[in-house]
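**Student:**
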Ligand SMILES: [Zn+2]
Ligand SMILES: [Zn+2]
């Protein structure tokens, strides 16, 4: 294990098995059997750099009528080079969360 990991249920830190790569690692505790997932260090999915910035992305749902409402946010990681445009857009509107590129389709106003 490259990083210090402990079982969230019993605190075991030695008898752990990890599988998977990419941005998700599944871990199983050999002592109590607890399974959980932890995220690896965030990386850019395009160029692989770790030079990414956590950004809150708005979760938008279509409300009543033509209203779009922000129902929450989730954290995404934007790359300073691949996602420069979106990153700049976020910084321009701080502290508002970044709006997703694809919004739920609005009904025609006709
Ligand atoms: Zn355990
Ligand atoms: Zn990148």
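In my numbering, the protein residues as written are 180 to 289. We put the CB at the ideal spot given by N, CA and C, even for glycine.
Residue 188 bridges to which residues according to DSSP?
**Tutor:** By 1-based counting over the chain shown, the position of residue 188 is 9. Residue 188 pairs with nothing; no bridge assigned.
**Student:** Tell me whether residue 226, by its Cβ, gets closer than 7 Å to a heavy atom of ligand 1.
**Tutor:** Here residue 226 refers to the residue found at position 47 when the chain shown is read from its first residue. Incorrect: residue 226 has no Cβ contact closer than 7 Å to ligand 1.
**Student:** Taking residue 284 as the reference, give the member of 274, 241, 257 with the closest Cα.
**Tutor:** By one-based count along the chain shown, residue 284 stands at place 105. The residue among 274, 241, 257 with its C-alpha nearest the C-alpha of residue 284 is 241.
**Student:** Just to confirm, are residue 266 and residue 257 a CB contact at a threshold of 8 Å?
**Tutor:** Along the chain shown, one-based indexing puts residue 266 at 87. Along the chain shown, one-based indexing puts residue 257 at 78. Inclusion of residue 266 and residue 257 in the CB contact set at 8 Å is warranted, their separation being smaller than that value.
**Student:** Do you know how far the Cα of residue 199 is from the Cα of residue 250?
**Tutor:** Locating residue 250 in the chain shown gives position 71, counting from the first residue. Locating residue 199 in the chain shown gives position 20, counting from the first residue. Rounded to whole angstroms, residue 250 to residue 199 spans 31 Å at the Cα level.
**Student:** Does any heavy atom of ligand 1 sit closer than 7 Å to the C-beta of residue 191?
**Tutor:** For the purposes of this step, residue 191 is taken as residue 12 along the chain shown, with counting starting at 1. Because some heavy atom of ligand 1 lies under 7 Å away, the Cβ of residue 191 counts as near it: yes.
**Student:** Compute the distance between the beta-carbons of residue 279 and residue 254, then report whether it is under 8 Å.
**Tutor:** Here residue 279 refers to the residue found at position 100 of the chain shown. Here residue 254 refers to the residue found at position 75 of the chain shown. Not closer than 8 Å, so no.
**Student:** If you measure from the CB of residue 205, is any heavy atom of ligand 2 nearer than 7 Å?
**Tutor:** By one-based count along the chain shown, residue 205 stands at place 26. Incorrect: residue 205 has no Cβ contact closer than 7 Å to ligand 2.
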